[in-house]
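Worksheet: the structure to be examined is printed underneath.
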Amino acid sequence: MAIKPNGFMYVGELHPFKQYSGTKARFDTPGGRHIITCFNHHVSEFTNAAKENGFEIVQLKEYFDENIQSTLPRILTLLFQKK
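And the structure:
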């Protein structure tokens, strides 16, 4: 993948906190439930890899089930911009 200077890269991921608690990405079909092979990535892994490759963090957001912020966040999104 090549991103031009000032270009953007978006990452959306099952929040690491959810993964730490044992949750994995999954989906149901008529054939049954499918669990996706997951690899735990810490927030610092995303931000450090971005920095090492010439990106700056533009935005980091966490999304919660039913917007109840006293629970573990479900989704982590990061927006990076190439320097």
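For the record, in the sequence shown the residue sitting at position 22 is 660 according to this note's numbering, with numbers rising by one throughout.
The C-beta atom is built at its ideal place from N, Cα and C for all residues, glycine as well.
Since residue i is in the alpha helix (DSSP H), which residue starts that stretch and which ends it?
i: residue 642; result: Note, residue 642: premise wrong, no alpha helix (DSSP H); not H, not E.
i: residue 662; result: Note, residue 662: premise wrong, no alpha helix (DSSP H); not H, not E.
i: residue 684; result: 681 to 690
Kindly indicate the opening and closing residues of the beta strand (DSSP E) around residue i.
i: residue 719; result: 713 to 720
i: residue 670; result: 670 to 673
Which residue or residues does DSSP assign as beta-bridge partners of residue i?
i: residue 651; result: 714
i: residue 693; result: 720
i: residue 704; result: Looking at the DSSP assignment, residue 704 forms no beta bridge with any residue, so it has no partner.
i: residue 699; result: 715
What do you reckon, are the CB atoms on residue i and residue j nearer than 7 Å?
i: residue 674; j: residue 687; result: no
i: residue 718; j: residue 647; result: yes
i: residue 720; j: residue 692; result: yes
i: residue 716; j: residue 684; result: yes
> Do the segment 702 to 720 and the segment 643 to 656 make contact, defined as three or more Cβ pairs closer than 8 Å?
Replying inline: Verdict: yes, contact present.
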